[in-house]
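Below is one structure, written out as C-alpha cells; comments come after it.
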DNA sequence: CATGAATGAGCTTTCATTCAT
DNA sequence: TATGAATGAAAGCTCATTCAT
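Protein chains in written order, with UniProt numbering: chain H, 1 to 208; chain Y, 1 to 208; chain R, 1 to 208; chain V, 1 to 208.
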C-alpha cells in the first residue's frame, strides 16, 4: 500500500495482538524503535493513533455498507428476497477489504473494545439480522417477527458474523478466505432454508 | 437463587459489563453502595472476588465436560459417530448451567480475559472441533484433515460456540434457550451434512 | 500484678513482638478474643492503647531518673565522683522495674519507635553520657570534653545502654538480670578505668 | 563518591531516617523534588530501590565476612585464640566500609527491618558471639558454655556490635571511627579479660 | 457493654501524556 | 524534529477507626 512509518506498523501489530485496552504506548514506541514522545508528534493520543490506523479502512467499509443497506431496504418492497444474494454482496465487500487491510479489519471487528469502533461488529450483526428478518417476513407474510423468531434471527446473525470474523482473524494468508466464507454462508443458507420450510409447514399446520 | 450480598451482585454486573481487566474494585464498591475497603473483608483481592463468583459454576461445568470428553474419545473407535448426539449432550449441560447461572456463565465464556478462566471458551471450541473432525474423518475415511478441512472445522466449531455463547449472553429470560440452541444445532447439522455430501461427491469425482 | 484484661495482655504481647508500628489492632483484638470495636471502648486509639500500657511504668521510671539526675548534677561540684556508684543506682532502678514490668520496660526501650516514648532510650544514653562526662572531667580537671572525648563518651554510653536493653530484652526469666548487668557494668568500669588512666598518663606526657 | 541522582540521595536519607517500613515512596519522591511516578523509571519497586542502594555495599561486606568466618573456624583448632586479633579484622572491614558508605552501612545494620538485609546485624552478633565463646572455652577448657556464660556472651556480643553500629551511625565525619572503635574494643577486652580471670579463680576455688 | 461490618485515608504501583532539551 | 525524563491520575490493597445494632 502507501508508505507506512514504523510506528504505524508497530501500533497495528500491538493493537492486533493485545486489543486496544491492553495495548501500551510504550510497547508500540519500543517495537517501532522510536521514542515514546515522538509518537505524540504524529498522533494526539492513544485514541487518535487507533483512529488514524482504522478510520480510512472503516470509512470504506462503511460506505459500502451504507449502499448495501439502502439496497436491502429498497428490496424489502419487492419480490422474492434472496438472502444469499445480499450476503454475497456483504461477503464480497468484507473479503475485499480484509484481503487488503487484514490487520485493520481484524482490529475493527475483534480488537476495538474501548474505542468508538466497538460498534462495528454489532452494526454488522444488525445488518445481518435485518436481512434474515426480511427474508422470514417475506416467506411468512407477516408484519413482524414473533419474539422467538426475533431471538432466532439475532442468534443466527450473531453467529454468522462471528464466524466471518473468526475466519478473518485466524486465516492470515487470505487466499482461503473466500472458500471458507462461501462454505459458511452455504451451511447457513442450507440450514436456514430447511428451518424456514419447517416454519412454513408448521405455520400451515397451525392454520388448518 | 440463594441470597447474594450487594457487592456480589455489583461485581457480577461489573464483570459482565466491563470484563475482568476493565472492572475496577472502586466501581464495584461504588455501585454496591459500599466503601472500597469493605469488599476486602469478604474477598481477599480482585482475583479471588472473580474466582468466588465463577468457580462453583465453572467446576460443575468442568465436571460435566470431563465426562463428555471421555465418552467422545471412547466412541471414536466405534461406529458412525453422531455429531448431533454429542452436541446435544454439550447443549444440555450448557443450557442447564446457563439457565441457573446466566451471569456467571456469561462471564466465564465472554468476560474472563486476564483470569485463569480465559481458557474456557477455547477449550469448548477445541472440544467442538474434535467432534467435527472425527465426524469428517469417519465419513471420508482418511487419517487426517487437509489444511483446508482443518480451517473449515476450526471456523465452524468457533462459529458454533460463539453462537451458543451469544444466545446465552443476550437472552436473559432463559426459557427460549433450548429452542434457540436446538435450532442453531439443527442449522449447523443440516448445512454440515450437505457440505460433507458435496465433499464425498467431489472426492469421488476426482478419483474417477 | 494487678488485674489485667485480656486485651491489655494481648496488646503487650503484640507490641513486644512486633513493635508499635507493625502491631495491628486487629491482631491484638484477635488474640485477646474480643471484637475490634470493643478495644476502642477502653482506649481511644492505638496511640492511647500504647500509652495506657506504658505510661504508669514509664512514669515510675522517670521519677527515679529525675531524682538520679539531680544527685548527679549536684555531685558534679563535689569530690571524687564515682561512676560505678551512679551506674549502680541506675542499674538498681532499671532492674527493679524490669523485673516487675518486663514487657512494658522492654517495649519502652526497644519497641517504641513511632511513639512519644521513643526518646526513652536516647534519654538514658544522655544520662549515661553525662555520668561518663563528669567522670572524665573530674579526672582530667578540664572545663569541657574534647571532640574526641565527646565521641568516645557518647559511644560508650550508647553501647552500655544497648547492652542493658539487650539483657532486658532477651532474658525473660529475670533472675539472671542482676548478675548479667553487674558483669556488664564491671566490664565497662574496668575497661573505662584503664582508658582513663591512659588518658591521664598521656596527658602528663604531653604536659612535660 | 560517584554521581548520585536526587532520588538516590533522597531515598538514602528517608530510609536512614524512617527505616524501610515507614519510608514512603511519596515522601522520597517529594524530598527529591520529583513526581512519584518518575522513581519507577529507575527502580522497579520499593524493594528494588532499597536493594539498589544497599546491595553493592552489602556484597563487599559479606565477601570480607565470609573470609573472616573461615579464618576463625580454622583457628579454633589451634593455640590461644586471640579475640582482639579477630575483632581487629572485623573492625578494619567495617570501618573501611562505613567510612566510604556511611549511610548505606547504617541502613543495612540499623534500618533494614522488613527487607532481606534484616539478618545483617544478627549475623554479625552471631559471629561476635562465636569469637567470645571460643575464647571462654579455650581459657576454661570445657566442652560448652554454661547457661549463664551463654547469656553473658550473648549480651556482650550484642552490646559490642551495637556499640560498633552506634559509632558508625552517629559519627558522620569518619576520621575518628578507628580511634573510637579501637577504644571500644580495648575497653571490652580489658574488661573481658578480668572477668575471665575471675571465672578461672572462682572455678579453682570451687574445685578445691 | 460488645460486636464486627463499614469507612476512607493513604500506601505502592502503572501508564497515558507532557515538555525541556 | 526527536528524545526520554518527568508528570499525575487512577488502580489494587491495608488498616486504624467508627457506628448501627
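Just so you know, even glycine gets a beta-carbon here, dropped at the ideal spot from N, CA and C.
query: Taking Cβ positions only, does residue 182(R) come closer than 8 Å to chain V?; result: no
query: In chain order, what residues of the segment 104-120 of chain H put their CB closer than 7 Å to some CB of chain Y?; result: none
query: Is residue 35(V) helix, strand or coil by DSSP?; result: coil
query: Note down, in chain order, each residue of its chain lying with its Cβ closer than 6 Å to the Cβ of residue 14(R), except the 5 sequence neighbours on either side.; result: 23, 27 and 28
query: Just the C-alpha distance for residue 42(V) and residue 157(H), rounded to the nearest angstrom, thanks.; result: 52 Å
query: Please state whether DSSP places residue 145(V) in a helix, a strand or coil.; result: coil
query: To which residues of the same chain is residue 207(V) closer than 8 Å at the C-beta, ignoring the five residues directly before and after it?; result: Only weak support exists for where residue 207(V) lies, its pLDDT of 46 falling under 50; the value from the coordinates is given anyway. Answer for residue 207(V): no residue qualifies.
query: For residue 154(Y), which of 118(Y), 122(Y), 69(Y) and 62(Y) has the nearest alpha-carbon?; result: 122(Y)
query: Check whether the Cβ of residue 102(R) lies closer than 8 Å to any Cβ atom in chain V.; result: no
query: Would DSSP call residue 93(H) helix, strand or coil?; result: helix
query: Which whole-angstrom value describes the C-beta separation of residue 241(Y) and residue 110(Y), a residue pair presumed to lie in contact below a C-beta threshold of 8 Å?; result: Because chain Y here runs from 1 to 208, residue 241(Y) falls outside it and cannot be looked at.
query: Report the neighbours of residue 22(Y) on chain H: residues whose CB is nearer than 7 Å to its CB, in chain order.; result: 21
query: Run down chain Y in chain order and give the residues with a C-beta less than 8 Å from the C-beta of residue 162(H).; result: 158, 159, 162, 163 and 166
query: Assuming residue 103(V) is part of the alpha helix (DSSP H), what are its boundary residues?; result: 102-110
query: Need the endpoints of the alpha helix (DSSP H) that residue 19(V) sits in, please.; result: 6-22
query: Residue 198(Y) to residue 92(H), Cα distance in whole Å?; result: 23 Å
query: List the endpoints of the continuous alpha helix (DSSP H) containing residue 121(Y).; result: 120-140
query: Would you please state the rounded distance, in angstroms, between the beta carbons of residue 99(Y) and residue 177(Y)? I believe it to be under 8 Å.; result: 6 Å
query: According to DSSP, simplified to helix, strand and coil, what is residue 163(R)?; result: helix
query: What is the DSSP secondary structure of residue 177(R), counted as helix, strand or coil?; result: helix
query: Can you list the residues of chain Y that residue 155(H) reaches, using a CB-CB cut of under 7 Å?; result: 163, 166, 167, 180 and 184
query: Quick one: is residue 159(Y) buried, meaning 16 or more other Cβ sit within 10 Å of its Cβ, or exposed?; result: buried
query: According to DSSP, simplified to helix, strand and coil, what is residue 44(V)?; result: coil
query: What do you reckon, are the CB atoms on residue 120(Y) and residue 108(Y) nearer than 8 Å?; result: yes
query: Return the residues of the UniProt domain "HTH tetR-type" (1-61) of chain Y that lie within a Cβ-Cβ distance of less than 9 Å from chain H, sorted by chain order.; result: 19, 21 and 22
query: Excluding the 5 residues preceding and the 5 following residue 35(R) in the sequence, name in chain order all residues of the same chain whose CB lies nearer than 7 Å to its CB.; result: 29
query: Indicate whether at least one CB of chain R lies closer than 8 Å to the CB of residue 190(V).; result: yes
query: Using 10 angstroms around the beta-carbon of residue 162(Y), count the other beta-carbons present and answer buried if the total reaches 16, otherwise exposed.; result: buried
query: Given this structure, state the Cα-to-Cα distance separating residue 142(H) from residue 149(H), to the nearest angstrom.; result: 12 Å
query: Decide if residue 135(R) is buried, meaning its Cβ has at least 16 other Cβ atoms within 10 Å, or exposed.; result: buried
query: Between residue 19(V) and the rest of its own chain, which residues show a CB-CB distance below 7 Å, the 5 nearest in sequence each way excluded?; result: 111 and 113
query: When the Cα atoms are used, what is the spatial distance from residue 17(R) to residue 21(Y)?; result: 40 Å
query: Under a CB-based cut-off of 8 Å, is residue 148(H) close to chain Y?; result: yes
query: Using a C-beta cutoff of 8 Å, does residue 130(R) count as contacting chain V?; result: no
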